[in-house]
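Shown next, in structure tokens, is the structure this report addresses.
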Amino acid sequence: MSAVAAPAKKNYLTALREALDEEMGRNPDMVCEGEDIGILGGAFGVTEGLQAKYGKERVIDMPISEACIVGNAVGMALNGKTVMAEMQFIDFISCGFDQIVNMLATYYYRTAGEVNMPVVVRGPAGAYGGGALYHSQMNEAWFCNSPGLQVVCPSTPYDAKGLLKSAIRSGNPTIFFEIKELYRKREIEEVLPNEDYLVPLGKAAIRREGTDITLVSYGQNVYHCLAAAQELQGMGISAEVIDIRSLVPLDEQAIYESISKTSRVVVVNEAPMTCGFAGEIVARISQNAFKYLDAPPVRITRLDTPVPWVKPLELYVLPSLEKIVSAAVATVKY
Amino acid sequence: MSAVAAPAKKNYLTALREALDEEMGRNPDMVCEGEDIGILGGAFGVTEGLQAKYGKERVIDMPISEACIVGNAVGMALNGKTVMAEMQFIDFISCGFDQIVNMLATYYYRTAGEVNMPVVVRGPAGAYGGGALYHSQMNEAWFCNSPGLQVVCPSTPYDAKGLLKSAIRSGNPTIFFEIKELYRKREIEEVLPNEDYLVPLGKAAIRREGTDITLVSYGQNVYHCLAAAQELQGMGISAEVIDIRSLVPLDEQAIYESISKTSRVVVVNEAPMTCGFAGEIVARISQNAFKYLDAPPVRITRLDTPVPWVKPLELYVLPSLEKIVSAAVATVKY
Amino acid sequence: MSPNSGTATAVKAEAPPETDQSRRPQDALTKEDCLEILKQLYLARYFDVRLIKEKKRGHLRGTLYSSHNQEAILVGSLYGLQPNDWVSPIHRDMPAFFLKDAKFKWDDRERMGLSIEEVCAQVWGKSGSPGRARDNWSHIGSRAKHIIHSTSMLAGTIPTATGVAYADRLNRGDAVVVTLNGEGSTAQGIFHEAINFASIHKLPVITVIENNQWAYGTPNELEYALEDFARRADGYGIPGLIADGQDVFDVYDKMMWAVDYSRAGKGPVIIECKTFRAYGHGDHDDDRAAKYRPKPEVDEGRKRDPIAVCKQALIEKGFLTPQEANQWMAEGKNAAEVSNDDFPPEVVQYLDRGIEFAVASPVPEPEEAARWVFKENG
Amino acid sequence: MSPNSGTATAVKAEAPPETDQSRRPQDALTKEDCLEILKQLYLARYFDVRLIKEKKRGHLRGTLYSSHNQEAILVGSLYGLQPNDWVSPIHRDMPAFFLKDAKFKWDDRERMGLSIEEVCAQVWGKSGSPGRARDNWSHIGSRAKHIIHSTSMLAGTIPTATGVAYADRLNRGDAVVVTLNGEGSTAQGIFHEAINFASIHKLPVITVIENNQWAYGTPNELEYALEDFARRADGYGIPGLIADGQDVFDVYDKMMWAVDYSRAGKGPVIIECKTFRAYGHGDHDDDRAAKYRPKPEVDEGRKRDPIAVCKQALIEKGFLTPQEANQWMAEGKNAAEVSNDDFPPEVVQYLDRGIEFAVASPVPEPEEAARWVFKENG
Ligand SMILES: Cc1ncc(C[n+]2csc(CCOP(=O)(O)OP(=O)(O)O)c2C)c(N)n1
Ligand SMILES: Cc1ncc(C[n+]2csc(CCOP(=O)(O)OP(=O)(O)O)c2C)c(N)n1
Ligand SMILES: [Mg+2]
Ligand SMILES: [Mg+2]
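Residue numbers (the working numbering), protein chains in the order written: chain H, 79 to 412; chain V, 79 to 412; chain C, -7 to 370; chain L, -7 to 370.
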């Protein structure tokens, strides 16, 4: 009944769109390219309105050629542009893989700092939506194992916007994993600042404080961890939840500090287990925070299978509240 | 001066060639394809003589099209063939990446067991030879993180032959990493059995027994570990050296058993650290052999950089005898 | 050039056939064939509208990529194939799975091609599907029935097709391999690599390009510099034919020419079929598609319904009377406007049978998800 | 087709030019230009033979991919470019790095293009190289000098070229981008994707195909179904020209036509230059190459040495006397047979200067290896 309307909450997708819009606005040398991003406004609408606002030259509807999308971005960056390259689904990034790992990731290194690559390759990722093998992937580990790439995965609208802007301005190539199941998720909508803001890369967020065990995660699984922490609380276990937000660079200190308090850790992500980023976190913890550990560090990840289609099968292979809770309980009991 | 000549020792490359030759001989449904594998006999000569023996139809000189090399193998496998597909350098596998992770790796899963893929993608890999960014890669982690692929990396002529044969006959798709610096290395030549033999996948080899610390490795770094063990012995430290040989499937038990004895471990590989297979081994050890550990498990890997060209730079980023020894000493002292 | 020149030789492609009215393959089709072809068009259309309705009723998950208005391409491409020929459909070609080598009658239980039960079980996500519903929607296939398993990665199965063809040649078989593709997918690198390889070795791979003028929200002119996607063939020195994708008999004619050419060992062929996508890219896209494709363009593109065009041809061939042609009036109608009475009863019954099976088929057990990553007992 | 049709329009490519003897670009070249061109051929050749000798003496690591017998393609492609134009060389094009926009004189220290010092520092693996010898051999380039950094992945820099061209258009520049490629690399998927994109947007990207008849150990007929790689252009509706790769002036003519066409906004062009690889694929391959390429084939392929062909043309143009032509006789000779006396002294001195610098330049410090993974102080 107040005269001043409450500021509107915004969803994760809107936050991303605003980030792109604002960066395109502030940087006339920025270009967006991808399949169906202009006339259509993107398969999910992340780029909706951009072509009308910034023109067809700066918002390019590309042919179905992921390798060329990346390669063309490399060339534009070499010639002074900042580029957002959309993968319609992050699963299709494998079609542009060579250009990413061998050109984009290495250009700065190969030229001994002459040519940096301000290119953000972003796209919808993640399972739990019934997308099956080719519309559910979290393939971030491939890129974490390819030196020269930043790898980012936000879980909230605020972070989505602030991290995307940071990635675009960082001047480094970034693979930006958007969680499509969060794009329009009502429960996580939030009010965003009116003014320009950044969320720094390489800085984790403590989503919930706790003393008995640390749950480390990112993306969609942060919410599984938060729900698990809630349930663990009912069992008298106080869990701290860390959202790492950016994988490369990684905020290791935040993790070690938490473990110095809790002495126990479960790492959760929805990528395949072997050589996934959960394993990387476990390895770093074991190597660098060994003295704090009172129990083996545990990972809860996707099984080492593709993501199957039908619901019971999909859920079977993915991390869940139940799996996290039981791992946490076992770890605390260890 | 004896009338019976000593059986000739064979190098790693010859062992591979014999494996291909024998498998082509025993299986008329086997086909080899790759760039320059026929007329030339392969960039390194692994396929030398095969086209003359088995004909141009079964030993195919492919255009420079890695994606088609893999995709064509998938189609041949679907239609009943067993295929060896050579990447001229394993670095170029990124050009065929999508076909590997999304077609080859998943076919059996997607068809619920109707169609398996007896396809071995093999090629020369590894650094230390001055090959620079695109002729030095060890990118095995990408494939370990892509469920459905076996990943193998032999370090001796005997294993090279026996593992390649096992991979070909396994009926599963395999990415087979050959260490090109070992191809013609004199010191590791050995006499191979005259009769057909296999080395099973998923079975590690203890290359040296020891009691104070376990060194786990594969490929070229096995020799760094053996040299380090030698040096450690002089310092009164008894190191056990495990060559895992196959990454997927992995012989975890062999590692845990050794650690149950030594309580200390250093894992060595020449791939980039983050999300590499050394981290995977460390993560599994931490999770499953935690109770045995008296010191943090340590990895010695390539730095998270590309492989630079000139020698001092190349060596700076790679594992070395010195780095392993000092890590082992620190671990033992912990 | 070299004495070591391998198996291939570099020659100019045979010129595509003139439209020689006196020896069109379609003229050899019997009345029975022609009526069967019409029925198959009904069948493809009915499959589509029925699934749209089932989804509206909440019975289905997954996206529907409608083949409405493009059925002549499916039926015309497949009708003349032999059972040992291979087919590789993609997302918009769902009816191709049960219409494969359809000459051998879709209602004959002994025929090749997947059964309607299997296809419906896939759509419903049930264990009766050939892939036990592990992958979604159109992502099925069958080695036994010579259908290459469809996948998401556009053009990604064209090298599968070359490999199948190469293996068949090694086996001294005479199969041809027909791949179906949207025009958008021709921009993929793998399209180039595979067609290049096929042309070097003169593999019997026939690439059908369904040019429905849009790739999702991207029009032809942003996909390719030329108007006719058949011209992609010119870069490989292989024949590139253009068919009227609304006319099942024209598609059939071009395909039969290509099949003869390919089966004779002369090499691959590309056939562009001109058509128009009836709805949005998928059913999720219908509303947005209405914005990027104004109604007049859509009306124009859908003017020549393949069922109506087929009927007209049958009347001209003397195989159908105007009264018979009016018996079932599916043409020109959207899912919302059409009813079962617009289709021959056997078409409705056929699909009923499939759906009944699908509904009754159990959902796979969760534990199955961990199976078949690697060969078992291998 | 659609009202939302984007920036591109689909039209037929302009037909390649007839060989119109009355208006050849080469006829506008002055005597000075022509003698400079000959000198550049010497320079490219000398660079090659000298490096072979240096390597034989154990001074170099890395593989030598000889450009011997293919120099007319490099010189002819680059001679007429503007300084703001871009060039993208590959493994066999080492001289292109210092010959870029060579009209502006390779011995002028203010010119664009890399200096011979920088190029030699790269070959010697020293810190004076533009990339501080982090990547090997030909893998250098320069943003400032508009040379796209070469890489291993064949055809992998063609999309770099499209991106450079696209950005230049956004900047309202008028640069053209010339990429040099072996014919083997045209089989790569990325070749297709990038040329397709360039043709849709009519980007000024000129793709030179150096058809030296072999890709490593694979002959033309196993790489492509047609004889002329220029025909790849037909699939994109862009001009595909063929040049005599032994004749620097013919290459120049075709390139100048392409440059005018591309700079005028008409789109990309492909130029196939017919040539023959003189030795093995790399210096490691010479012995094996002798097996897969019998001597008569090699002799035939090397019959028309580009230096000799150029001299003959200069004599015909009246710019050179037969005596002058015989002054330095590098043509037809291998590294082992040739001496410094077969080259103009300024050519030898130029390279001496580069090698001197390279030898004196320090090897980078090991710690540098950890730098420049990510932007520093960024
Ligand atoms: C490699 C790859 N990139 C992107 C996509 C996403 N995608 C699915 S369908 C489609 C449009 C396909 O257009 P077209 O090939 O013309 O077929 P149509 O849908 O018109 O039948 C796109 C971009 C994909 N499936 N695969
Ligand atoms: C993507 C990729 N695959 C394979 C190779 C290995 N390779 C290097 S050069 C070469 C042959 C190149 O032939 P061509 O393009 O004709 O150039 P040429 O060497 O004849 O000048 C090959 C296969 C590579 N560099 N990149
Ligand atoms: Mg289409
Ligand atoms: Mg060549």
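Glycine included, every Cβ here is placed at the ideal spot set by N, Cα and C. All values derive from a computational prediction rather than experimental measurement.
Where does residue i fall in DSSP's three states?
i, result
"C/Ser80", "strand"
"H/Gln228", "strand"
"H/Val326", "strand"
For residue i, would you say it is in contact with chain H, using Cβ-to-Cβ distances shorter than 8 Å as the test?
i, result
"L/Ala2", "Bear in mind that the predicted position of L/Ala2 carries a pLDDT of just 33, short of 50, making it unreliable; the figure below should be weighed with that in mind. L/Ala2 does not count as touching chain H."
"C/Asn128", "yes"
"V/Arg95", "no"
"C/Gln62", "no"
"V/Phe122", "no"
Within 10 Å of its beta-carbon, does residue i have 16 or more other beta-carbons around it, so buried, or fewer, so exposed?
i, result
"V/Thr234", "buried"
"H/Val82", "exposed"
"L/Pro356", "buried"
"V/Asp139", "buried"
"V/Gly314", "exposed"
"C/Thr154", "buried"
"H/Lys239", "buried"
"V/Gly274", "Note that residue 274 of chain V is Asp in the sequence shown, not Gly. Flag for V/Asp274 reads exposed."
If residue i and residue j are in contact, beta carbons under 8 Å, what's the gap, nearest whole angstrom?
i, j, result
"L/Lys287", "L/Leu30", "The pair is not a contact, with the Cβ atoms about 29 Å apart (cut-off 8 Å)."
"V/Arg188", "H/Leu211", "7 Å"
"C/Val243", "C/Cys265", "6 Å"
"L/Leu218", "L/Gln180", "Contact flag wrong, Cβ pair sits at about 17 Å."
Taking Cβ positions only, does residue i come closer than 8 Å to chain L?
i, result
"H/Asp237", "no"
"H/Lys281", "no"
"C/Tyr253", "no"
When you compare the CB of residue i with every CB in chain C, is at least one pair closer than 8 Å?
i, result
"V/Thr92", "no"
"V/Cys222", "no"
"H/Asp99", "no"
"L/Asp226", "yes"
"L/Glu185", "yes"
"H/Val179", "no"
"V/Ser143", "yes"
"L/Ser331", "no"
Can you confirm whether residue i, when its beta carbon is compared against all beta carbons of chain V, has any partner nearer than 8 Å?
i, result
"L/Ser353", "no"
List the endpoints of the continuous beta strand (DSSP E) containing residue i.
i, result
"V/Val161", "160 to 164"
"C/Val169", "169 to 174"
"C/Ile262", "261 to 266"
"H/Pro202", "197 to 203"
"H/Asn150", "Here H/Asn150 belongs to no beta strand (DSSP E); instead the alpha helix (DSSP H) covers 144 to 156."
"H/Leu293", "291 to 295"
"H/Pro350", "343 to 350"
Under DSSP, the alpha helix (DSSP H) around residue i begins and ends at which residues?
i, result
"L/Leu162", "150 to 162"
"V/Arg377", "V/Arg377 -> not in any alpha helix (DSSP H); beta strand (DSSP E) instead, spanning 376 to 380."
"L/Gly346", "337 to 352"
"H/Pro390", "389 to 395"
"H/Met108", "Per DSSP, H/Met108 belongs to no alpha helix (DSSP H); it is in the beta strand (DSSP E), 108 to 112."
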